Amino acid sequence: MTRATFPGGVHPPETKWTAETDIRPLPLPPRLVVPMAQNLGAPAVPTVERGQAVARGEPIGKPDGFISAAVHAPSSGTVTGIERVIDAATGRTTAAVVIETDGKDRPHASLPQEPRPWQSLDGDAIRQAVADAGVVGMGGATFPTHVKLTPPKGKAIDTVLANGAECEPYLTCDYRVMLAEADKIVTGLRLCMRATGAARGIVGIEDNKPRAVEAMRRAVAGADDLDVRVFPTKYPQGAEKQLILACLGREVPTGGLPADAGVVVQNVQTACAIAEACVRGQPLIERVLTVSGDAARAPGNFRVRIGTPLAALLAEAQVQEGYEALILGGPMMGKAQFTADLAVTKGTSGLLVFRRAAVYEGGPCIRCGACVRHCPSWLNPSRLSILGESFLAGNLDAVDTAMEFGLMDCILCGACAYVCPSRRRMVHLIEMLRGERRKALERRRERERAQAAGIQREVEKVAD
Amino acid sequence: MVGHWPHLRGRDTTARIMWSVAAALAPAAVFAGYVFGCRAYLHIGLAVATAVGAEAVITYLRFHRRSRDGVKATWWRRSGMTIGDGSAVVTGLLVAFCLPAQARWFVPVVAAGVAIAIAKQAFGGLGCNIWNPALVGRAFVHVSFPTDMNPAAYPVLTGHHFLGNVGTAVGGMAGGADAVTGASPMAMAKSIATQGYADVDVLKVLTEGHGRGLWDMFVGTVGGDLGETSALLLLVGAAYLIYKGWIRWQVPLAYLGTVAAGALLLPLYLAGGEGGAESAAWQPILLAMPDAALRFVLWHLLGGGLMLGALYMATDMVTSPLTNKGLWIFGAGCGVLTILFRLYSHAYPEGVCYSILLMNTAVPLIDRWTRPRIFGHKR
Ligand code: SF4
Ligand code: SF4
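Quick mapping for you: the protein sequence lines, in order, are chains A and B.
If you number the first sequence the way the numbering used here does, the last residue is 468 and the count never jumps.
If you number the second sequence the way the numbering used here does, the last residue is 408 and the count never jumps.
Right, here's the structure in full:
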């Protein structure tokens, strides 16, 4: 049993109140709002029209390019329109297909498929099935899974990690899925290994979930190439790079992907979705998420259709009115929302409602060094945040200095801000600097393009 | 209103840390009255009041607003005063702790005023100062009022002289009825180091102790500055802070360790002192009388402001390095400078204050040298 971990990290209270509540299916809501932007990369393009009848699992959005994911109707009904809605992850607006459900949950003609043995599939078939099913990373990053399963040229993948760390406080959905569907996770893991040519599969779990460890151990029993590893409970143990370091002692090089360390990491729910897609041709139309927080009187783990309005979840969890904070995701990296008028997407791992909003007014850095000691990327968050303030005060060079201090190596985990006694808004400042960096790069590219065009004109003039 | 992630924060806050440091210093402050009479409280009160007052006035002038973030706020919040975070109280206490009881009443006022107004706020306030404010204040009065700061004339009280001392507490301390004027242990240790170890009297001192024995130095019933005498009480407070992680143990360990090593070994290699003390004389002592050598080392550890400096001044977060490696270097640097000052400076028997101030200056450099390797980067 490996008990390795990564240097750094913090120990927030676990508050996993819902750990022992079974997954409950949420009744089909009368209305589903299915955003087209549910993945990192290009949003899908809607392929249905207003008034059209759709069946469960019918494609309603087609991927726009390689780094994009298909979207399917989560249930049967009628398309009542294509609206602009707010994308909870980015705050921008995106198109969403609104479906009025008919309650029949009629499956699409292509469903259900005869289960096919996963052993019969080769890499391309797996990737195709995964792409057709619109699977994306369900831990929150929502990176299209078929892309992840396509190893970049010249990079050999030797290990696939199923990420069951679930290091965010409050969240317990992955835990419940590991208890309920261990075999499916293992099938998904095997499919990933097949698709990437990896010889080894590892399930990584934090040691605060002994029952999940047991369940997964049972599921992998007898397989030499599969293993379950237990890590000390520490945030952010579930962050990709930190998990790889803890598991294999490998560091993903700066600016690189896990593939550069020979690894592919998949969340356990994603592994389930991969298994569903490949074995039964089932598209990704539902997920398990946790509803919790001190404003929820009946917190729990729910299996919900994608596109379910948050209001339905809030009602099911008996959330009292008058809550102040609504967070999609976990309390460490989840995004606070200004409205509950949003829908569940493929990346929604949790919905937290708190009676009191935690607003922190950052003070000056007292150089206590806590952030430096706890940063899992071994950065100097104090320095980065001071550079952020310096930028806001008009020092435009601060962005370049921050680059020297590893601005791009920050994983925005918030461990630094968690420990900061001065309550500094570290992540906010670091994100702001990153945005400025991106803008600066764009400006430079623009300038170079203009310059190139100018030179072209000069050349043409001379030629004339 | 909802903030940026993370939506959870740890329990530690700046105010919590600072008030805890103040609480850790409190026993030593109370004890100062027992040793030096209630004039000690006068000094502590004046220093703390001046520090807090200066902080309040300056931060009010710097930060007060009509409103905060466009919302109505209490007068307290609008005033922008930062005295609630406790850092001014800590500075005031530390300033008083490194002044002698016989100093005139305005000395603590000047020291605390300089500490807050110049050493802290003029540099930008909490977190922005380069030098430890309390030590800057002390250094300032040390040069300005040398007679008030003469450690050779530190009064030592024995037993229960607190009440008997009330009269002198108001009038001025020098020559108070029950005060025994004696050299502070530090001055003694220095004279041992500089005036020849072969001296028979010195050997007697080393083997039998002088006036105040090591036990007195440990408990704190010796002469010295107000808060520095009781190693015991300072250690108790520091142990709590170390347990909480609010002072980093690396600094005192490195600091005290290098001082001990220096006190033990330096006299072997460096000739010191006016009379051309023979370094060779130390070797026989070291070999033949290890307990005398140990006593000498303990004198250095317990004497003067070393405990106060190593536990509370050098560990000041703002003016020490960020990384653990940096803290080791910083502590060791303080120790080396302190023992060099103590053994080889002629004018100044105590080196803690200036050693720490010098190392404070080096902190940006240390931070730069000890920058950790970033995840995924080669060295
Ligand atoms: S948010 Fe960035 S800087 Fe802060 S602890 Fe996480 S990785 Fe380090
Ligand atoms: S944790 Fe906060 S106060 Fe401490 S060094 Fe980091 S930024 Fe400064």
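Just so it is clear, CB atoms sit at the ideal spot from N, CA and C, and this is done for glycine as well.
Bear in mind the structure is a predicted one, so any value in this text is a computation, not a measurement.
If you run the structure through DSSP and keep just helix, strand and coil, what is residue i?
i              : result
P175 (chain B) : helix
D211 (chain A) : coil
H189 (chain B) : Residue confidence for H189 (chain B) is low, a pLDDT of 34 falling below 50, so the modelled location carries little weight; the figure read from the coordinates is stated next. Note: H189 (chain B) maps to coil in three-state DSSP.
Q56 (chain A)  : coil
R68 (chain B)  : helix
K443 (chain A) : helix
G109 (chain B) : coil
G304 (chain B) : Low local confidence applies: a pLDDT of 38 at G304 (chain B) is under 50, so the model's placement there is unreliable, with the coordinate-based value given in what follows. In this structure, G304 (chain B) counts as coil in the three-state DSSP scheme.
N389 (chain B) : helix
T312 (chain A) : coil
Q396 (chain B) : The residue you asked about is not Gln; residue 396 (chain B) is Asp in the sequence shown. The answer is helix: DSSP assigns D396 (chain B) an H, G or I state.
A456 (chain A) : helix
Q323 (chain A) : The displayed chain sequence assigns Val, not Gln, to residue 323 (chain A). The answer is strand: DSSP assigns V323 (chain A) an E or B state.
A140 (chain B) : helix
P111 (chain A) : strand
L54 (chain B)  : helix
P368 (chain A) : coil
G74 (chain B)  : helix
A203 (chain B) : Legend: pLDDT at A203 (chain B) = 34, less than 50; position of this residue unreliable, no value from coordinates given.
G398 (chain A) : coil
L243 (chain B) : helix
F152 (chain B) : helix
V49 (chain A)  : strand
I'd like to confirm the pairing. Which residues does DSSP put opposite residue i in its beta bridges?
i              : result
R88 (chain A)  : A:A99
F306 (chain A) : A:R28 and A:L293
G82 (chain B)  : Per DSSP, none; premise fails for G82 (chain B).
N271 (chain A) : A:N167
R35 (chain A)  : A:E104
H76 (chain A)  : A:P63
F235 (chain A) : A:E210
Q341 (chain A) : A:L330
T82 (chain A)  : A:A57 and A:E104
R204 (chain A) : A:T163
A300 (chain A) : A:V323
G486 (chain A) : In the structure as shown, chain A starts at 5 and stops at 468, and residue 486 (chain A) therefore has no counterpart that could be examined.
V491 (chain A) : The requested residue 491 (chain A) is not part of the displayed model; chain A covers only 5 to 468.
A347 (chain A) : A:P313
Give me the chain B residues within the contact set of residue i, using Cβ-Cβ distance strictly less than 8 angstroms, ordered along the chain.
i              : result
D413 (chain A) : I403, F404, G405 and H406
K245 (chain A) : F404 and G405
G418 (chain A) : W34 and P35
Strictly below 7 angstroms CB to CB, what residues from chain A border residue i?
i              : result
L351 (chain B) : R371, G373, V376, N384 and S386
T43 (chain B)  : G367, I370, P425 and S426
R95 (chain B)  : Going along chain A, no residue has its Cβ under 7 angstroms from R95 (chain B), so there is no contact; the nearest lies around 17 angstroms.
Residues of chain A with CB closer than 9 angstroms to the CB of residue i, please, in chain order.
i              : result
I46 (chain B)  : I370, C372 and P425
P281 (chain B) : Those do not exist, as P281 (chain B) stays about 16 angstroms from chain A at its closest Cβ, beyond 9 angstroms.
P393 (chain B) : Chain A residues near P393 (chain B): none, gap ~11 angstroms exceeds 9 angstroms.
R397 (chain B) : Result: empty, since nearest Cβ-Cβ is about 10 angstroms, beyond 9 angstroms.
R107 (chain B) : None at all; the shortest Cβ gap to chain A is about 13 angstroms.
In chain B, which residues lie less than 9 angstroms from residue i when you measure between Cβ atoms?
i              : result
G260 (chain A) : G405
S381 (chain A) : I403, F404 and G405
V431 (chain A) : H33, W34 and P35
E104 (chain A) : Result: empty, since nearest Cβ-Cβ is about 31 angstroms, beyond 9 angstroms.
P173 (chain A) : L37
Run through chain A and tell me which residues come within less than 8 angstroms of residue i, C-beta to C-beta.
i              : result
L264 (chain B) : Neighbours of L264 (chain B) on chain A: none; closest Cβ ~22 angstroms, over 8 angstroms.
R68 (chain B)  : Chain A residues near R68 (chain B): none, gap ~33 angstroms exceeds 8 angstroms.
Along chain B, in chain order, which residues have C-beta atoms closer than 7 angstroms to that of residue i?
i              : result
G158 (chain A) : Correct list: empty, because the minimum Cβ distance to chain B is about 19 angstroms.
L256 (chain A) : This sequence places Val at residue 256 (chain A); Leu is not what is there. Simply G405.
P16 (chain A)  : L37
Y179 (chain A) : Here the premise fails: no neighbours, minimum Cβ distance about 19 angstroms.
Mind listing the chain D neighbours of residue i? Cutoff is C-beta to C-beta under 8 angstroms, in chain order.
i              : result
A457 (chain A) : Among the protein chains in the structure shown, which are A and B, there is no chain D.
* **Residues within the segment 306-337 of chain A neighbouring chain B, beta-carbon criterion of under 7 angstroms** => A329, I331, P335, M336 and M337
* Asked: Curious, which full-length beta strand (DSSP E) runs of at least 3 residues does the segment 121-194 of chain A contain?
  -> 163-168
* Compile a chain-ordered list of the residues in the segment 340-356 of chain A whose CB is closer than 9 angstroms to at least one CB of chain B. => A340, Q341, F342 and L356
* May I ask you to list, following chain order, the residues of the segment 149-172 of chain B that have a beta carbon less than 9 angstroms from some beta carbon of chain A? => G153, G154, L155, G156 and C157
* To do: Anything in the segment 323-352 of chain B with a Cβ closer than 7 angstroms to a Cβ of chain A? List those residues in chain order, please.
  => M346, V347, L351 and T352
* **Where the segment 81-93 of chain B meets chain A: residues whose CB sits under 9 angstroms from a CB there** => none
* Length at least 4, wholly inside the segment 254-294 of chain B: the alpha helix (DSSP H) runs in chain order -> Considered as a whole, the segment 254-294 of chain B harbours 260-273 as its complete alpha helix (DSSP H) runs of no fewer than 4 residues, in chain order.
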